[in-house]
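Since the structure comes first, as structure tokens, the remarks are kept for the end.
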Amino acid sequence: MSKLPADFYLRSDVVQISRDLIGKRICSRINGEYCSAIITETEAYAGVEDKASHAYGGKRTKRTEIMYAKGGVTYVYLCYGIHYLFNVVTNQEDIPHAVLIRGIKAEEGIATIQRRRKLNLLKKDSLSGPGKVSQALAITLAHNKLSLHEDKIWIEEGNTQIDDSEILISSRIGIDYAEEDALLPYRFQLKE
DNA sequence: CGGCCGATCCACT
DNA sequence: GTGGATCGGCCGA
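Quick note on the numbering used here: the first sequence kicks off at 21 and runs consecutively.
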């Protein structure tokens, strides 16, 4: 299966990209171990005009700089000192849009994922939550700023097209500080 | 340089 | 439902 083309990430509508990522397959080959999973939950972060975004107001810091790169690279950061959150940078250079991957469903490399997650049994919600996603795929700060067109972390077409009727749209999680923008319908989940 | 805090998760009550 | 874990980044002095 081939990787998503560069054009996929360069589009200007990050909310649409967030929706389109549902049902796609995310793959990682880290420490010599391959695994893949279907993306089941995402959130869009719409850059300088989005109070929930790290780049709100055009803020540029050492951490957020990668969000201003041309789409198709990773943005990984540490949250609460414990969890790595994995984002896909989108849009053209200097437009700091990103999509947070919040949930996946394991496909290949399930034994590897179970071991990383320290689980005996992989339950339905075992990979629901951005911290869990990174743990399952072995993503850490070492995987920040990677191209999605290389062979560490990449995204492929899924097996099936996802119809709008299969997607639940809601507001984003954990961003109460974003005031009215906290209510925007930027969260996409695959229904079960 | 010091202090605060977060796009979370899990164990425990 | 609640609180503790745990640390890099950000900001103000």
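Each residue gets a CB set at the ideal place from its N, CA and C atoms; glycine is no exception.
In the DSSP secondary-structure assignment, H103 is bridged to C99. Fully enclosed alpha helix (DSSP H) runs of no fewer than 4 residues occupy 130-137 of the segment 64-148, in order along the chain. Annotation: L203 is outside any alpha helix (DSSP H) and is labelled neither H nor E by DSSP.
Scanning its chain for C-beta atoms nearer than 6 Å, with the 5 sequence neighbours on each side dropped, one finds around A198 the residues K71, A72, in chain order.
About 19 Å separates the beta carbon of G149 from that of G129, a gap too long to meet the 8 Å contact definition. Beta-bridge pairing by DSSP links Q209 to E61, L188. In the three-state reduction of the DSSP assignment, S56 falls in the strand class, which pools E and B. For S22 and R192, the gap between their C-alpha atoms comes out near 30 Å. Contact annotation: the segment 149-161 touches the segment 95-114, with at least three C-beta pairs closer than 8 Å. Around the beta-carbon of G78, fewer than 16 other beta-carbon atoms lie within 10 Å, marking it exposed. N51 and L147 have their alpha carbons spaced roughly 20 Å apart.
For R49, the enclosing beta strand (DSSP E) starts and ends at 45-50. The beta carbons of E127 and I58 sit closer together than 8 Å.
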